[in-house]
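Those letters in the sequence shown? Residues -18 to 385, by my numbering. The beta carbon of each residue, even a glycine, is placed where N, CA and C say it ideally should be. Down below is the structure, laid out as structure tokens.
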Amino acid sequence: MVGSFLTRRRFIEAGGSIAATSLIASAGTAAPGQTSGAASVKGQPMPDGVKLPATPPRPRAPDSVGFAIVGLGGYALNQMMPRFKDAKRAHIAAIVSGSPEKLQRVGDAYGIPANARYSYEDYAKLASDKRVDAVYIVLPTGLHADWAIRAFAAGKHVLCEKPMALSSADCERMIAAGKRANRKLMIAYRSHFEPYNLEAMRLMKEKAAGDIRLLRTEQSYRMGPTSPAENWRTSRALAGGGPLEDYGIYGLQSALYLTGEMPESISATTFRPTGDPRFAEIFAHVSSQWRFPSGAVAQLVSSYDSAGINFAEVRGTTGVLSMNPATSYAGQKMQLNGRELTPGDPGVQFVGQIDHFANAVRDGTPILTPGEMGLRDLRLIEAIYESARTGRTVKLAPDAKMRA
Ligand code: NAD
């Protein structure tokens, strides 16, 4: 690893958050290159640094929702699967992976019966597995739509990682499939269950900084040397335009939930250096400027090629709310007019979203982050790329559809 480059893992450990398209077909002032291939599942080796549980967790409630985890990558194994032990009403009932080695090691550690360990080829067999109520899609983004739709076809509820998909058309297909199957669809926007962001939403609603005038968000890190063949995050078919979908989506979400408004227009630029294998198919930076009906403006920047930051700031008529890091796994910092606020432990966000979804499945309670929210966000991403492509300001309807 070259000195100044941060790997994703080291950046996360440092307190940053990475979650951090097809619409981008030829988006941007510099169009991304040709895609390296179609989006298809491919088993991967065990990620670095995984700590498997010493004793298998057990369901805690008689009506606990059984999840099949689809895709045993870094986020599933390092962040989400370990949180199920704290869930009040959810447990891991099955795993789906393309790697026999991971199926065995992870299955043994989590106490998953051998006949609940599925290969991708056996995915459709979930339909007859009564132990599984819901599927959690933690695959590369370009695979979310098809694997969610197949889960609905198997009669399962779906919790899907962010971003929901790579195009609004795919989001619409997913929502329609969920409705047809009469099953729930939730997008795993964890900040809606995280105390700092919840407090920031509350404060902005109460006008703790007065009327909002300016908002800035920045999500960036410097990606180490890689290429689409090595890292799906640089593959257009799996990651769309790159940093905006993966990481900038946190800033996009913040801009919406902190202002409580939808933008009426967006102008944007993208940048893709030539001759850098990291950016053969995706953008290095995406920057956009939004205008809201109230007159407030927002500046959103995301990058895979600049020193790490995860920042949001709202400047109103009477004060400033500043969050840095804003949407990490842990270590959030927030100030209102220079006063440090510590509303709670950010660590609760992971299990918070699992239990929220489980309650929706069992009790029919409304989902705070439904498929419609993911669709709205993909429409905004499409508007950003459309503006960058045409060099024009894009005007938006209140549902984020582009006006002709
Ligand atoms: P990862 O590369 O660590 O894991 C992806 C996994 O998907 C692989 O291990 C493999 O098991 C599987 N896979 C199947 N087909 C694949 C293919 N063709 N190429 C690569 N992997 C393939 O990625 P990740 O960081 O775990 O991200 C997975 C999903 O989780 C993405 O949608 C990402 O946006 C999301 N995510 C969310 C957060 C968050 O904070 N909410 C954080 C990280 C990732």
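Practice task
Report buried or exposed for T2, applying the criterion of at least 16 other Cβ atoms within 10 angstroms of its Cβ.
Solution key: Legend: pLDDT at T2 = 39, less than 50; position of this residue unreliable, no value from coordinates given.
Practice task
Measure the alpha-carbon distance for A181 versus T299 and round it to whole angstroms.
Solution key: 16 Å
Exercise for the section: Evaluate P274 with the Cβ neighbour count: other Cβ atoms within 10 Å of its Cβ, from every protein chain shown; 16 or more gives buried, anything less gives exposed. Expected result: exposed
Problem - Inter-stretch contact at 8 Å, needing at least 3 Cβ pairs: the segment 136 to 156 / the segment 348 to 360 - result: yes
Exercise for the section: Check whether the Cβ of L124 sits closer than 8 Å to any heavy atom of the ligand NAD, and report yes or no. Expected result: yes
Exercise for the section: Name the one or two DSSP bridge partners that K376 has. Expected result: S246
Handout entry: Contiguous alpha helix (DSSP H) assignments of at least 4 residues, all confined to the segment 114 to 178
Key = 125 to 134 and 149 to 162
Exercise for the section: Check whether the Cβ of R64 lies closer than 8 Å to any heavy atom of the ligand NAD, and answer yes or no. Expected result: no
Problem - Per-residue burial, I5 [other beta carbons within 10 Å of its own, 16 or more giving buried] - result: Residue placement at I5 is flagged as unreliable, the pLDDT there being 49, under the threshold of 50; the coordinate-derived value follows with that caveat. It is buried - the Cβ of I5 has at least 16 other Cβ atoms within 10 Å.
Problem - the segment 287 to 303 touching the segment 150 to 163, judged by at least three CB pairs closer than 8 Å - result: no
Problem - Range covered by the alpha helix (DSSP H) that runs through L359 - result: G352 to T371
Exercise for the section: Taking only the alpha-carbon atoms, compute the straight-line gap between V31 and Y56 and give it to the nearest angstrom. Expected result: 10 Å
Exercise for the section: Determine, using beta carbons only, whether E211 and A220 come nearer to each other than 9 Å. Expected result: no
Practice task
Quickly, what does DSSP pair D286 with across the bridge? List them, please.
Solution key: R203
Handout entry: Euclidean distance between Cα positions of G276 and A288
Key = 31 Å
Problem - Inter-residue spacing [alpha-carbon to alpha-carbon] between H266 and L233 - result: 14 Å
Exercise for the section: Check whether the Cβ of L33 sits closer than 8 Å to any heavy atom of the ligand NAD, and report yes or no. Expected result: no
Handout entry: Cβ shell of W128 (< 7 Å), same chain only, five flanking positions each side left out
Key = V51, I118 and L120
Practice task
Specify the secondary structure class of G297 as computed by DSSP and reduced to three states.
Solution key: strand
Exercise for the section: Would you identify the three-state DSSP class for S100, choosing helix, strand or coil? Expected result: coil
Practice task
Quick one: give me the first and last residue of the alpha helix (DSSP H) that F338 is part of.
Solution key: V329 to D344
Handout entry: Straight-line Cα distance separating E321 from A20
Key = 44 Å
Problem - Three-state class that DSSP yields for F264 in the structure shown - result: coil
Exercise for the section: Could you check the C-alpha separation between I112 and V332 for me, to the nearest Å? Expected result: A small correction: the amino acid at residue 112 is Arg; Ile does not occupy that position in the sequence shown. Approximately 20 Å between the Cα atoms of the pair.
Problem - For V51, the first and last residue of its enclosing beta strand (DSSP E) - result: V46 to V51
Practice task
Enumerate in chain order the residues of its own chain whose CB-to-CB distance from M383 is below 8 Å, with the five nearest sequence positions on each side excluded.
Solution key: R360, E363, A364, E367, V375, K376 and L377
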